[in-house]
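Scroll down for the structure; my scribbles are underneath it.
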Amino acid sequence: MLSIALAGKPNAGKSTFYTAATMADVDVANYPFTTIDANRGVSYVRTECPCLERDERCNADDCEDGKRYVPIELLDVAGLVPGAHEGKGLGNQFLDELTNADVIVNVVDASGGTNEKGEPVDIGDHDPLEDIDFIEEEMDLWLAGIVDRNWESVERKSRSPDFDIDDALADMLSGFGASPKGIATVLRELDYPEDPIQWEDEHREELARLVRERTKPIVVAANKIDVAPEENVERLLELDKPVIPTTAEGELALRRAADNDLVDYDPGDETLEIGDGVSDAQREALEDLADTMAEWDGTGVQSALDYAVYDLLDHITAYPVEDASKWSDGSGNILPDAHLLPAGSTPVDLAYAVHSDIGDGYLHAVDAKSNREVGEDYELEEGDVIKIVSTN
């Protein structure tokens, strides 16, 4: 399961985002370090289900009238403060948690209502643009510290006649998600001495930055848009970074209202339909939220998760079935499973995602939409429905 981490300074709304996206109970409060131990839960990315191409909708638990929700892991770590890489605010512990993530959502208080330490101030008093780069900088410096502390082992390995710097660095950084292939790509962008003993601090820091960019891409959730000065949000959107306007509190309110049948709303919808059982105060609040959603194309929570997986990580959704004509499993369930795979994946990759035994016994695959056999090197596309034929 892919893992998305929520990062940012304290009190930016990470725990509210987490609760809205998972509907799990966590502490949410208006003071720094509400979260101490990382919260882990299951959330979902949203895509169009292939059942929309058929006369009947599928009966999968994670499909709502053609809106398909595919599970991912969501990680909520405690807030980071400037100097986290030096251990300030339990920073090393929190940064360690980020190594488990495939992609990071940097939750920023777009309202400017919290200072650099996450302490409440008047809305607009703090410039949210200052909160964008410091997360990247703290991660880069923290990783550079790890590289520096372990560099002596690379120098020792370099004395061997079969030394390969790609493999040596990948071994050192494997816990951060680096592979020999990825390291090779990074080194092509880096001007460095051939002998590791000649490397300086600036070489290691640049290596750390490039590795972090490749292994931990970041999308910014410009949170609290419901109370943020519009110019703050516009300035954030002008950055040369992916930024999603977000109201985590709004999403949480909608999820709870939908659970109580007060609104018709599915995560990721850009509009909502208010029911008849709401009070006048509830209706006014929901109408205000609807106006915010109309201005920013929804609450942004689902959009941030979707962008992280489908854009930053460049994944697609594929649906394995046993019956190519009915698009069902052996029990008749239509499109029961959905798998997230990197773009460029093949039917063989999908087979292994289903089960290692299925992959080991792979024979061929059938594109259920066209009812034609496809080769093992066929590149899967978003929404493909695939029958896998295996000896196992």
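Residue numbers for the sequence shown, in full-length UniProt numbering: 1 to 392. No residue lacks a Cβ here, since even glycine has one placed at the ideal position from N, Cα and C. Source: prediction; values computed, not measured.
query                                                                                                                                                                              : result
Could you name the residues of the same chain whose beta carbon sits closer than 6 Å to that of L143, not counting the 5 residues immediately before and after it, in chain order? : A208 and R212
Check for me: the beta strand (DSSP E) holding D367 runs from which residue to which?                                                                                              : Y362 to D367
Could you tell me the alpha carbon to alpha carbon distance between residue 397 and T299, rounded to whole angstroms?                                                              : Beyond the ends of the chain as shown, which are 1 and 392, falls residue 397; an answer cannot be given.
Using the Cα positions of A281 and S15, report the straight-line distance between them to the nearest angstrom.                                                                    : 26 Å
Take P229 as the anchor and find which of P245, V301 and R255 has the nearest alpha-carbon.                                                                                        : P245
Work out the CA separation of P50 and L350 for me, nearest whole Å.                                                                                                                : 17 Å
Could you give the first and the last residue of the continuous beta strand (DSSP E) run that contains Y352?                                                                       : Segment P347 to V354 is the alpha helix (DSSP H) holding Y352; no beta strand (DSSP E) there.
With DSSP as the reference, please indicate the residues paired to T114 in a beta bridge.                                                                                          : P120
By DSSP, does H203 sit in helix, in strand, or in coil?                                                                                                                            : helix
Output needed for G383: all residues of its chain with C-beta closer than 6 Å, excluding positions within five of it in sequence on either side, in chain order.                   : P50
So, L341 versus I358, is the Cβ gap smaller than 8 Å?                                                                                                                              : no
Among D167, W199 and E194, which one has its Cα closest to the Cα of A184?                                                                                                         : D167
Buried or exposed for G13, going by 16 or more other Cβ atoms inside 10 Å?                                                                                                         : buried
On the three-state DSSP scale, how would you describe L90?                                                                                                                         : For L90, the predicted model reports a pLDDT of 45, less than 50, meaning its position is unreliable and no value from the coordinates is stated.
Any chance you could list the alpha helix (DSSP H) runs of at least 4 consecutive residues sitting entirely within the region 143-183, in chain order?                             : 165-173
Can you name, in chain order, every residue of its own chain whose Cβ lies under 7 Å from the Cβ of K387, other than the five neighbours on each side?                             : V321, E322, A324, A365, V366 and A368
Quick one: what does DSSP say V301 is sitting in, helix, strand or coil?                                                                                                           : helix
Using a Cβ-Cβ cut-off of 8 Å (strictly less than) and excluding sequence neighbours within five positions of R372, which residues of its own chain qualify?                        : V366
Which residues in the same chain have their Cβ closer than 6 Å to the Cβ of Y31, if we skip the five residues on either side of it in sequence?                                    : Since pLDDT at Y31 reaches only 42, below the 50 mark, its modelled position is unreliable, and no value is offered.
Report the residue from S279, V263 and K216 whose alpha carbon sits nearest the alpha carbon of A7.                                                                                : K216
So G250 and V263 are supposed to be a Cβ contact under 8 Å. How far apart are they, rounded?                                                                                       : That pair is no contact at about 12 Å.
Is C63 helix, strand or coil when you go by DSSP?                                                                                                                                  : strand
For N232, report the span of its alpha helix (DSSP H) as first-last.                                                                                                               : E230 to L237
Could you tell me the alpha carbon to alpha carbon distance between V121 and D109, rounded to whole angstroms?                                                                     : 11 Å
According to DSSP, K387 sits in a beta bridge with which residue or residues?                                                                                                      : V321 and V366
Would a C-beta distance cut-off of 8 Å place T19 and S43 closer than the cut-off?                                                                                                  : no
From G41 to I4, what does the alpha carbon distance come to, in whole angstroms?                                                                                                   : 10 Å
Would you identify the three-state DSSP class for G250, choosing helix, strand or coil?                                                                                            : helix
Just curious, the alpha helix (DSSP H) that E284 is in, first and last residue?                                                                                                    : D280 to W296
Kindly give me the distance between the Cβ atoms of V70 and D62, rounded to whole angstroms, as I take these residues to be in contact under 8 Å.                                  : 7 Å
What is the rounded straight-line gap between the Cα of Q198 and the Cα of P161?                                                                                                   : 18 Å
So what does DSSP say about S331, is it helix, strand or coil?                                                                                                                     : coil
Let's test the definition: count the other Cβ atoms within 10 Å of the Cβ of L363 and tell me whether it reaches 16, buried, or not, exposed.                                      : exposed
Please report the Cβ distance between D195 and S158, rounded to the nearest whole angstrom; I am assuming they are in contact, meaning their Cβ atoms lie under 8 Å.               : 7 Å
Among V301, E295 and S174, which has the Cα closest to the Cα of residue 396?                                                                                                      : Past the edges of the chain, shown from 1 to 392, lies residue 396, and the structure says nothing about it.
Output yes or no for whether 8 Å exceeds the beta carbon distance between A221 and A304.                                                                                           : yes
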